[in-house]
Amino acid sequence: MKVEVHLWSGLRALTGGLEKVEVEASTTGEMLQALTASYPALGPVIEAGVSVAVDGRVIASSLTEPLRPENEIFLMQRLKGG
Amino acid sequence: MALDDRKTTDFKFVGTRPDRPDGLDKVTGRALFGADAYAPGMLHGAIVRSPHAHARIVRIDTSKAEALDGVKAVVTRADFAKGLSGEFSFVLENVMAGEKALYDGHAVAAIAASSALIARDAVKLVEVEYEILPHVTDVDAAMAQDAPVLNASYADASVPAGHHPNVVRYHDSGHGDVEAGFAEADLVIEDSFKTEATHQGYIEPHACLATLGADGKGELWCSTQGHWIAQKTCAALVGIETSQLRVTASEIGGGFGGKTTVFVEPVALALSRKANRPVKVVMNRSEVFRATGPTSSTSMDIRIGMKKDGTITAAEGIYRLQGGAFPGAPMEFSAMCGFAPYALENVRQVGYDVISNRPKQAAYRAPGAPMASFAVESVIDELCNKLGLDPIDTRLKNASREGTKASYGPRFARIGLVETLEAAKAHPHYSAPLEPGQGRGVSCGFWFNHGGETSVSMSLSEDGTCQLAVGTPDIGGSRASMALMAAEVLGIPYENIRVTIADTATLGYNDVSHGSRVTYASGLATIKAAQDAVAKLSKRAAAKWGIPEDAVYWEDGCAKPSGANAGNFDPLPLADITQNMGATGGPISGHFEATPEGAGVSFGTHIVDAEVDPETGKTAVVRYTVIQDAGKAIHPTYVEGQFQGGAAQGIGWALNEEYVYGEDGRLQNSIFLDYRVPVASDLPMIDTVIVEVPNPGHPYGVRGVGETGIVPPLAAIANAVSAAAGVRLRHLPMSPPRILAALKAKAHEG
Numbered sequence: 007m008k009v010e011v012h013l014w015s016g017l018r019a020l021t022g023g024l025e026k027v028e029v030e031a032s033t034t035g036e037m038l039q040a041l042t043a044s045y046p047a048l049g050p051v052i053e054a055g056v057s058v059a060v061d062g063r064v065i066a067s068s069l070t071e072p073l074r075p076e077n078e079i080f081l082m083q084r085l086k087g088g
Numbered sequence: 002m003a004l005d006d007r008k009t010t011d012f013k014f015v016g017t018r019p020d021r022p023d024g025l026d027k028v029t030g031r032a033l034f035g036a037d038a039y040a041p042g043m044l045h046g047a048i049v050r051s052p053h054a055h056a057r058i059v060r061i062d063t064s065k066a067e068a069l070d071g072v073k074a075v076v077t078r079a080d081f082a083k084g085l086s087g088e089f090s091f092v093l094e095n096v097m098a099g100e101k102a103l104y105d106g107h108a109v110a111a112i113a114a115s116s117a118l119i120a121r122d123a124v125k126l127v128e129v130e131y132e133i134l135p136h137v138t139d140v141d142a143a144m145a146q147d148a149p150v151l152n153a154s155y156a157d158a159s160v161p162a163g164h165h166p167n168v169v170r171y172h173d174s175g176h177g178d179v180e181a182g183f184a185e186a187d188l189v190i191e192d193s194f195k196t197e198a199t200h201q202g203y204i205e206p207h208a209c210l211a212t213l214g215a216d217g218k219g220e221l222w223c224s225t226q227g228h229w230i231a232q233k234t235c236a237a238l239v240g241i242e243t244s245q246l247r248v249t250a251s252e253i254g255g256g257f258g259g260k261t262t263v264f265v266e267p268v269a270l271a272l273s274r275k276a277n278r279p280v281k282v283v284m285n286r287s288e289v290f291r292a293t294g295p296t297s298s299t300s301m302d303i304r305i306g307m308k309k310d311g312t313i314t315a316a317e318g319i320y321r322l323q324g325g326a327f328p329g330a331p332m333e334f335s336a337m338c339g340f341a342p343y344a345l346e347n348v349r350q351v352g353y354d355v356i357s358n359r360p361k362q363a364a365y366r367a368p369g370a371p372m373a374s375f376a377v378e379s380v381i382d383e384l385c386n387k388l389g390l391d392p393i394d395t396r397l398k399n400a401s402r403e404g405t406k407a408s409y410g411p412r413f414a415r416i417g418l419v420e421t422l423e424a425a426k427a428h429p430h431y432s433a434p435l436e437p438g439q440g441r442g443v444s445c446g447f448w449f450n451h452g453g454e455t456s457v458s459m460s461l462s463e464d465g466t467c468q469l470a471v472g473t474p475d476i477g478g479s480r481a482s483m484a485l486m487a488a489e490v491l492g493i494p495y496e497n498i499r500v501t502i503a504d505t506a507t508l509g510y511n512d513v514s515h516g517s518r519v520t521y522a523s524g525l526a527t528i529k530a531a532q533d534a535v536a537k538l539s540k541r542a543a544a545k546w547g548i549p550e551d552a553v554y555w556e557d558g559c560a561k562p563s564g565a566n567a568g569n570f571d572p573l574p575l576a577d578i579t580q581n582m583g584a585t586g587g588p589i590s591g592h593f594e595a596t597p598e599g600a601g602v603s604f605g606t607h608i609v610d611a612e613v614d615p616e617t618g619k620t621a622v623v624r625y626t627v628i629q630d631a632g633k634a635i636h637p638t639y640v641e642g643q644f645q646g647g648a649a650q651g652i653g654w655a656l657n658e659e660y661v662y663g664e665d666g667r668l669q670n671s672i673f674l675d676y677r678v679p680v681a682s683d684l685p686m687i688d689t690v691i692v693e694v695p696n697p698g699h700p701y702g703v704r705g706v707g708e709t710g711i712v713p714p715l716a717a718i719a720n721a722v723s724a725a726a727g728v729r730l731r732h733l734p735m736s737p738p739r740i741l742a743a744l745k746a747k748a749h750e751g
């Protein structure tokens, strides 16, 4: 199942200029794995920690959240707080 | 776990205001804080700190200190783990310097002795030979091409080519075409802003008691916002297995984000291992200022375009944050939060994480957001002034709503910004007349909030009471909130629920008390654990009555048959079930473990009246109103307390608090006499309005409230002070000298 993932602009340098990429994935974990496989330069960024927004809901760390093709998916920098 | 439609209005316990269960202990001095622990044979630790902002450590001679009678151990970097990477390596470098001292106050060695006095004397006997290096403490200076290099290897792949090695991370996000948007505007304002570093200012200094034996097993008692992350970090830094260290969180005298990491704890463990005795380390206030995490200081450029009717056509922000000597300044949160209150078709935000010769920054309520809000909301205020627009109407016109594409990308779910703005506009404060010399400012603010790994366990006692174990240190009255939510599900009195903060060996993993997550995540887990217990109670009732489990429901603390067909039985109270539970199947408990991912974002709107004395530059905040969306206030008094606390800390940040460094790179004001936090006489009564737009991701609709309250104050106060002074203030804190300089510059221009 293909899902479309929006990246933050600063990652364009790591994806050959793309700010929106398509990968095969049915969960957040599979999506992050697929991103690393397709764009190895994203690996260190993802390893350092990212969050994922699915239809506006921010998934801070779960790798098991289900994804569907119609979801609006954004990669975000890892959320933390004080 | 989604919002429970059956349980959003008809609450019996939630929304009431009982006394906090830990209140009596705290006001009578019975509560045990970090420095209150003692152990047989305990030693006292003291830290040797660099007096230089940047220096190579050529040699450390500890022989004279070791020879002092009463000294039992001395440690240096050689006594800690080797080969760490990532954040652990930065934390280790921060708690004990390796090749270089990177800021004034950086730890270079530590002593354990039979008394605190001997330990402090021994500190003076440690001879450290330094090769002094050029230093830099200002964020803009640290980015300049001729700046001293702190560490050439820290920059990651995100940093575009051409930047100084002190620029270690970069963020760039947004959407639309900002230049096209600016071309549509009737007025574009571009301005630059600076904020100085402030400390979280918790009253209780960092303190711990550590025991690490030759068998590699350790015990740590410490003042922390998160004992599981303390366990993991300390174990890594001293090179033992995480599971071999048990960490117990003491009561905490404030944290505000500053106690989400470790400072003296791994040092105490290393000293204990070497001395084979328990070691207690308590920081003094000067050490807290010099060596624990303040906020980042910032330099920011904001450009916003607006039409005459108040529509924002484009917005751009550049946020430069220095985070001390290590990567981690929260510039991405500045970038993502600054414009989040507004629905923008064209927006761009850039962030730079810059290292400098200052202590490693630590989180401080909504890290990165207050500074960005100050800059953004100041420019919006200026646009409103120049275009003759009402500041609240203008914010309402542009406000983010459900479905708005956020400045950081995704679309918002149900949010309550509009409701806070409407409440602000309707509040008597907004229409109250001002005295001559006074000004009024408003500002909005945004914070994400967080879920995080959470475990909760509850056990029921034979007498029908409940023991609730949570793993999130109580930094804001959370025991009371947990007890209220448990009472709501179980249907037993609030007073019958005892909440304990469990240690790392008695409960599953818990993320830190940060990100405004405790009432949301531990609360959700408490509700689920209580529901788990209720299911077991209902099963016992079903067995007693000889009816199916699904023919029993729970209401008002009793199991009841679900209808006439289920049978005619009197309600069975919880205590009647638990008194015989040993004979009806054994003890009854409830558990829940998860990583809740439904933390709803939160917005607030603040109104401030301020007056300025043009003779002295002294500012007084004369009226303050906080309006914030709490989703659902579990214990309204503690929600209001969070709102008021955010405003009070924001007043300090905006008006007085500031890390002042000398030309020599040394901190000039490392005590509360010189670093001025607001005291009661500096503050007005702070009015609060709780807006409740339920969070769809929590069964009762809770949104975290701990952080959003500190986002709007800097801007709201700056807008009020600028209006009162008649000149735009762009540099925080707005201390009397800065206000006088601005007034003088204005007089010179005029």
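Chains S and W are the protein sequences, given in the same order. Following this note's numbering, the residues of the first sequence are numbered contiguously, the last one being 88. Following this note's numbering, the residues of the second sequence are numbered contiguously, the last one being 751. Just so you know, even glycine gets a beta-carbon here, dropped at the ideal spot from N, CA and C.
Closest Cα partner of residue i within the set the options
| i | options | result |
| --- | --- | --- |
| W/Gly653 | W/Pro161, W/Asp630 and W/Leu684 | W/Leu684 |
| W/Ala143 | W/Val377, W/Ser300 and W/His45 | W/Ser300 |
| W/Asp105 | W/Gly663, W/Thr63 and W/Arg677 | W/Gly663 |
| W/Gly705 | W/Tyr521, W/Gly568, W/Ile476 and W/Gly558 | W/Tyr521 |
| W/His107 | W/Asp139, W/Asp11 and W/Met97 | W/Met97 |
| S/Lys26 | S/Thr33, S/Glu36, S/Ser32 and S/Ser44 | S/Ser44 |
| W/Lys13 | W/Pro574, W/Gly558 and W/Ala584 | W/Gly558 |
| W/His228 | W/Ile691, W/Asp504 and W/Ser682 | W/Asp504 |
| W/Ser159 | S/Glu36, S/Glu30, S/Pro50 and S/Leu73 | S/Pro50 |
| W/Gly325 | W/Val728, W/Tyr660, W/Leu741 and W/Pro714 | W/Tyr660 |
| S/Glu71 | S/Leu38, S/Ala47, S/Thr42 and S/Leu20 | S/Leu38 |
| W/Val535 | W/Glu496, W/Asn569 and W/Pro588 | W/Pro588 |
| S/Gly22 | S/Thr33, S/Val9 and S/Pro46 | S/Pro46 |
| W/Val11 | W/Glu489, W/Trp546, W/Gly219 and W/Ala370 | Note on identity: in this sequence residue 11 of chain W is Asp, with Val being the wrong assignment. For the residues W/Glu489, W/Trp546, W/Gly219 and W/Ala370, the minimum Cα distance to W/Asp11 belongs to W/Glu489. |
| W/Ala363 | W/Glu220, W/Phe264 and W/Gln439 | W/Phe264 |
| W/Glu185 | W/Ser456, W/Gly306, W/Phe375 and W/Leu25 | W/Gly306 |
Run of the beta strand (DSSP E) containing residue i, from where it starts to where it stops
| i | result |
| --- | --- |
| W/Met301 | Ser298 to Met307 |
| W/Gln350 | Val348 to Val355 |
| W/Lys281 | Val280 to Val283 |
| W/Gly591 | Ser590 to Ala595 |
| W/Val377 | It is not in any beta strand (DSSP E) - W/Val377 instead sits in the alpha helix (DSSP H) that spans Ala370 to Leu388. |
Listed by chain order, chain S residues near residue i by CB distance under 7 Å
| i | result |
| --- | --- |
| W/Glu658 | Those do not exist, as W/Glu658 stays about 16 Å from chain S at its closest Cβ, beyond 7 Å. |
Short Cβ contact (9 Å threshold) for residue i with residue j
| i | j | result |
| --- | --- | --- |
| W/Pro737 | W/Glu197 | no |
| W/Val169 | W/Ile356 | yes |
| W/Leu525 | W/Ile498 | no |
| W/Gln629 | W/Ile691 | yes |
| W/Arg18 | W/Arg480 | no |
| W/Asp382 | W/Ala743 | no |
| W/Asn450 | W/Gly516 | yes |
Amino acids of chain W, ordered along the chain, whose beta-carbon sits closer than 9 Å to that of residue i
| i | result |
| --- | --- |
| S/Ser44 | Going along chain W, no residue has its Cβ under 9 Å from S/Ser44, so there is no contact; the nearest lies around 17 Å. |
Proximal chain S residues relative to residue i, where beta-carbon distance stays under 9 Å
| i | result |
| --- | --- |
| W/Ala158 | Ala19, Leu20, Ala47, Pro50 and Val51 |
| W/Phe257 | Gly88 |
| W/Gly516 | Ala66, Leu85, Lys86, Gly87 and Gly88 |
| W/Thr261 | Lys86, Gly87 and Gly88 |
Under 7 Å by beta carbon: chain W residues contacting residue i
| i | result |
| --- | --- |
| S/Gln39 | Result: empty, since nearest Cβ-Cβ is about 19 Å, beyond 7 Å. |
| S/Ala66 | His451, Gly452, Gly453 and Glu598 |
Within chain S, the residues that residue i reaches when beta carbons sit closer than 8 Å
| i | result |
| --- | --- |
| W/Ala364 | Lys86, Gly87 and Gly88 |
| W/Arg412 | Asp61, Gly62 and Glu78 |
| W/Ala181 | Those do not exist, as W/Ala181 stays about 16 Å from chain S at its closest Cβ, beyond 8 Å. |
CB-CB length for residue i against residue j, believed under 8 Å
| i | j | result |
| --- | --- | --- |
| W/Val377 | W/Gly177 | With 8 Å as the limit, W/Val377 and W/Gly177 do not qualify as a contact, their Cβ atoms being about 17 Å apart. |
| W/Ala542 | W/Ala560 | 3 Å |
Opening and closing residue of the alpha helix (DSSP H) in which residue i lies
| i | result |
| --- | --- |
| W/His430 | Pro429 to Ser432 |
| W/Trp229 | His228 to Val239 |
Under 8 Å by beta carbon: chain W residues contacting residue i
| i | result |
| --- | --- |
| S/Glu71 | Glu598 |
| S/Ser15 | Asp173, Ser174, Gly175 and Arg349 |
| S/Met82 | Met337, Tyr409, Gly410 and Pro411 |
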